[in-house]
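Counting from 1, one number per residue, gives the positions in the sequence shown under the UniProt record's numbering. Note that the Cβ used here is the ideal one computed from N, Cα and C, for glycine as well. Here is the structure we will look at, set down as structure tokens.
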Amino acid sequence: MDFTLPSDLQEIQTTIRDFVLNVVEPRAQEIEHSNSIPPELIRQAADLGLFGLSIPEEYGGVGLSTLGRCAAYEALGQGHMGFGGMVSAHASIGTSGLVRLGTDAQKQRFLPGMAAGEIIAGFAITEPTSGSDAANIRTRAERHGDTWVLNGTKHYISNAPIAGLLTVIAVTDPSRGSKGMSAFLVPMDTPGVTVGKIDEKMGQKGSLSAEVIFQDAALPQDSLLGPQDLGYREALGILTNGRVGIAARSTGAMQRLLDLCVAHARAREQFGKPIAEFQAVQFMLAEMEIDIQTSRLLWQKVAWMVDAGQDVRRMASVAKYHATEALSRVADKAVQVAGGMGYMKEYPIERFYRDQRLLRIYEGTSEIQKVIIAADLLR
């Protein structure tokens, strides 16, 4: 057992960390106020290969293993979480279905542009009546000759306002229940596809989401991604691999919060000495470090399992649950260590405190992760 990341992945982490801390973070307030990512940051991210992390090199991507991608996500998590959310929604669930299930023609058509950041991708499964209960999907895709006609509504779809391509999960055979679902590649300029107003969220500014409406949207036959009626289980396989990425990003966010708190504790004086000398503060820092180390070990194990071809349904949920719950604890302690400064918007801790809350909800709530874990234990 070797718990040291390979040197090439350490270099990738260093490069991404330097980028998010020295290039993205100085523009954090601009992103917060405009609720958008500056185009030049997107171009710079594309030049670094961030949009092609999961795309094979033959299609212009970086072609990292799951371990490599998650190492990148951890570094990405140390910067602005809205920026990180936009990139990871594209590079994980927005891309993984096409890489995993797509034909060579589909990959040739979309992946080079996706790797270059010219086509931003997203994944559409959530609906007004189906969030955690994704098996209650009502969006329908009916076959009319050589055409699929898509009708329905998705909401809270990450990247929808800026996306060029969505992977959409729709019901193709209602008689088969959760086994009668299929995935489709839907270019956003398809007639009949409409994006609603941008969601106003508590945090993660710049990581835009919106409702997407499909009204008699006609798709060619080759829009079908993977086998017809691939089923709910296969569709969730895309989310399963995305969950370990969230665990990694959460770990990066925790590390950034701890670094900020250590620096603050050393500099801030009370009663004639740095607050780092007070045991109450030391205990909080120690608890933060424990959460970081356990979360990092979990995402590394699950990433290794994915790369080894193992079934990670249970462990992906374990990693996602633990890391996102741990991040909430760490963010709360960070505000406490920083005191009044931690509550001020000009200080990053306040932003991380708001931004992290979403991670316990999307791509499967904490409660759903526990359902998955228990069901697998009892199976």
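Where residue i sits in the DSSP three-state scheme
i, result
"Ala263", "helix"
"Thr324", "helix"
"Val168", "strand"
"Phe123", "strand"
"Gln336", "helix"
"Leu224", "strand"
"Arg17", "helix"
"Pro112", "helix"
"Pro174", "helix"
"Val212", "strand"
"Leu358", "helix"
"Val269", "Contrary to the premise, residue 269 reads as Glu rather than Val in this sequence. Strand."
"Leu219", "strand"
"residue 467", "In the structure as shown, the chain begins at 1 and stops at 379. Residue 467 is therefore absent and cannot be evaluated."
"Ser207", "coil"
"Pro6", "coil"
"Pro128", "coil"
Cα-Cα separation between residue i and residue j, rounded to whole angstroms
i, j, result
"Cys70", "Ala248", "6 Å"
"Ser182", "Met341", "49 Å"
"Gln106", "Ile55", "13 Å"
"Leu166", "Ala280", "48 Å"
"Ala267", "Val335", "16 Å"
"Met284", "Cys261", "10 Å"
"Leu257", "Ala121", "29 Å"
"Ser175", "Asn136", "13 Å"
"Thr153", "Val337", "44 Å"
"Pro191", "Gly180", "25 Å"
"Gly309", "Leu53", "19 Å"
"Met114", "Ala163", "10 Å"
"Ile42", "Asp311", "34 Å"
"Arg357", "Ile157", "17 Å"
"Lys205", "Arg109", "31 Å"
"Gln10", "Gly82", "24 Å"
"His322", "Ser295", "7 Å"
"Pro274", "Ala265", "6 Å"
"Ser92", "Tyr362", "13 Å"
"Ser250", "Leu298", "12 Å"
"Gln29", "Phe278", "32 Å"
"Gln300", "Glu40", "32 Å"
"Met202", "Thr172", "35 Å"
"Ile246", "Ala326", "12 Å"
"Leu208", "Gly272", "46 Å"
"Glu74", "Gln13", "8 Å"
"Asn241", "Thr324", "15 Å"
"Ala45", "His80", "13 Å"
"Asn151", "Pro220", "15 Å"
"Ala331", "Phe352", "7 Å"
"Ser34", "Pro348", "17 Å"
"Ala276", "Ala263", "9 Å"
Where the beta strand (DSSP E) containing residue i begins and where it ends
i, result
"Val193", "Val193 to Ile198"
"Thr153", "Thr147 to Ser158"
"Ser182", "Met181 to Pro187"
"Glu363", "Taken as a continuous stretch (DSSP letters only), Glu363 belongs to no beta strand (DSSP E), as it is neither H nor E."
Enclosing alpha helix (DSSP H) for residue i [first to last residue]
i, result
"Met288", "Gln279 to Asp307"
"Ala375", "Ser366 to Leu378"
Member of the options whose CA lies at the smallest distance from the CA of residue i
i, options, result
"Pro6", "Val20, Leu64 and Leu21", "Leu64"
"Asp199", "Leu50, Ser36, Gly177 and Leu101", "Ser36"
"Glu346", "Pro26, Leu101, Ala286 and Asp2", "Pro26"
"Gly145", "Ser209, Asp222 and Tyr156", "Asp222"
"Asp47", "Gly196, Gly117 and Gly94", "Gly117"
"Gln78", "Gly94, Asp355 and Arg360", "Asp355"
"Ala253", "Arg329, Gln270 and Gln282", "Arg329"
"Leu111", "Lys333, Glu30 and Glu57", "Glu57"
"Asn159", "Tyr343, Ile275, Ala124 and Gly49", "Ala124"
"Leu185", "Gly102, Glu40 and Gln29", "Gly102"
"Leu67", "Arg243, Val168 and Leu150", "Arg243"
"Tyr59", "Ala28, Leu98, Ser34 and Ala89", "Leu98"
"Ala218", "Val193, Gly339, Ile368 and Ser317", "Val193"
#### Entry: Every unbroken beta strand (DSSP E) within the region 19–105, with a cutoff of 3 residues, ordered by chain
none
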